[in-house]
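Colleague: Numbering of the sequence shown is given in our numbering, commencing with residue 21 and proceeding in unit increments. Here it is: the structure, laid out below.
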Amino acid sequence: MWLVLVTLIWGSTFVMVKDALASVGPANFLALRFLLAAAVLGLLFRERIRTSSRAEVLAGVFIGFWLFSGYILQTIGLQYTTSSKAGFITGMSVVMVPVFATVFLRRPPTRPAVFGVILAAGGLALLSLKQDFSFAAGDLWVLGGAISFALHIVTIAHFAPEMDPLRLTFFQVLTTALVSLALTPVLEGFTVSLPLMAWGAVIFTGVVATALVLSVQTTAQQFTSPTHTAVIFALEPVFAALFGYALAGDRLGPREAAGCALILGGMLATELINNQKEPVT
Numbered sequence: 021m022w023l024v025l026v027t028l029i030w031g032s033t034f035v036m037v038k039d040a041l042a043s044v045g046p047a048n049f050l051a052l053r054f055l056l057a058a059a060v061l062g063l064l065f066r067e068r069i070r071t072s073s074r075a076e077v078l079a080g081v082f083i084g085f086w087l088f089s090g091y092i093l094q095t096i097g098l099q100y101t102t103s104s105k106a107g108f109i110t111g112m113s114v115v116m117v118p119v120f121a122t123v124f125l126r127r128p129p130t131r132p133a134v135f136g137v138i139l140a141a142g143g144l145a146l147l148s149l150k151q152d153f154s155f156a157a158g159d160l161w162v163l164g165g166a167i168s169f170a171l172h173i174v175t176i177a178h179f180a181p182e183m184d185p186l187r188l189t190f191f192q193v194l195t196t197a198l199v200s201l202a203l204t205p206v207l208e209g210f211t212v213s214l215p216l217m218a219w220g221a222v223i224f225t226g227v228v229a230t231a232l233v234l235s236v237q238t239t240a241q242q243f244t245s246p247t248h249t250a251v252i253f254a255l256e257p258v259f260a261a262l263f264g265y266a267l268a269g270d271r272l273g274p275r276e277a278a279g280c281a282l283i284l285g286g287m288l289a290t291e292l293i294n295n296q297k298e299p300v301t
């Protein structure tokens, strides 16, 4: 139930972030968002963070690298594609998780997971390929973010069962904030002079969609497998499309809608067609 709430919140942010990017660069936005999230977590859990072990710090930094990679690629891509398409392409991470879990955690995917990858790949082609069979630049950026988010789920699954989830959350958030802050002057220049709407997006995504949600995700992943987490996250692109339709006027043609359906079917097939159990640890 908690992970479903995570996907609802994340799905609601695509439109919000895309609108904010009209007035602030991607790295600048992420720096403000994650600095705010790190500050909130640091204030709320300062005693637990102060007693962090070296292993927890290093694990949090490693997880944070994938978190930063996912968000910077996704945020750049949102400048060049619709929030609905970005939501569904990001959802491709769901079918990538079983593959990465096999490679890095030695947990081979079930046959439904393989079937899901094939379905989702076909859906991605329908959703994103142009008439000349090339991808739009924004779609490729977001797809790169989906790969990083899949690795983020897998690395949390590896470390969370044996470490304090709130410490891991703080250090992955702090890592993302510092890397974003370091890159901002190089990529676009740093500013805090933002319109009220952009600051609203920073505050909501920083406090709710980052500090709160990542704490819930990291804690919940102590008790479930990466593939189970991923299949729940299949709801994220559905929520993204609904918010895009309601708030941004996003519309998908028949081909794009068929692609979205295949991607969602591929996500669900990773677990729901064949009820094969995967161990948590």
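Every residue, glycine too, gets a C-beta built ideally from N, C-alpha and C. Only a predicted model underlies this, so the values are computations on that prediction, with no experimental measurement involved.
Identify, in the order they occur along the chain, each residue of the same chain with its Cβ nearer than 6 Å to the Cβ of L87, setting aside the five sequence neighbours on each side.
Modeller: H172, Q192, T196
Colleague: Just verifying my parser: in three-state terms, what is the DSSP assignment at L28?
Modeller: helix
Colleague: Could you name the residues of the same chain whose beta carbon sits closer than 8 Å to that of M217, not counting the 5 residues immediately before and after it, in chain order?
Modeller: D39, A40, S43
Colleague: Cα separation between L64 and V114?
Modeller: Within the model, the alpha-carbon separation for L64 versus V114 is close to 31 Å.
Colleague: Secondary structure at M36, three-state DSSP: helix, strand or coil?
Modeller: helix
Colleague: Please report the distance separating the alpha-carbon of V199 from that of V222.
Modeller: 17 Å
Colleague: Straight-line CA distance for F179 to A79?
Modeller: Between the alpha carbons of F179 and A79 lies a gap of roughly 7 Å.
Colleague: Let me know if L25 comes out buried or exposed under the rule of 16 or more other beta-carbons within 10 Å of its beta-carbon.
Modeller: exposed
Colleague: Among A133, G142, C280, G90, whose alpha-carbon lies nearest the alpha-carbon of S104?
Modeller: C280
Colleague: Select from G264, T95, I138, T238 the residue whose C-alpha is nearest the C-alpha of M116.
Modeller: In this structure, I138 is the residue among G264, T95, I138, T238 with its C-alpha nearest to the C-alpha of M116.
Colleague: Using the Cβ count rule (16 or more neighbours within 10 Å means buried), how would you classify A47?
Modeller: Counting C-beta atoms within 10 angstroms of its own C-beta, A47 has 16 or more neighbours from the protein chains shown and is therefore classed as buried.
Colleague: How close, in whole Å, do the beta carbons of R187 and S89 come, if the pair is a contact with beta carbons under 8 Å?
Modeller: Between S89 and R187 the Cβ distance is about 21 Å, and since that is not below 8 Å, they are no contact.
Colleague: Quick check: what's the CA-CA separation for T130 versus G209?
Modeller: CA-CA distance, T130 to G209, rounds to 46 Å.
Colleague: Alpha carbon to alpha carbon, what distance is there between L194 and G269?
Modeller: 35 Å
Colleague: Between the Cα of L50 and those of S32, L23, G226, V35, spot the shortest distance and give me the residue it belongs to.
Modeller: G226
Colleague: Taking 8 Å as the limit between beta carbons, can you name the residues of its chain near Y265, skipping five residues before and five after?
Modeller: S104, R271
Colleague: Have a look at I92 and A229 and give me their C-alpha separation to the nearest angstrom.
Modeller: So the alpha carbons of these two residues sit roughly 15 Å apart.
Colleague: Compare the C-alpha of T204 against each of R53, V81, S235, A166 and name the closest.
Modeller: Nearest of R53, V81, S235, A166 to T204, Cα basis: R53.
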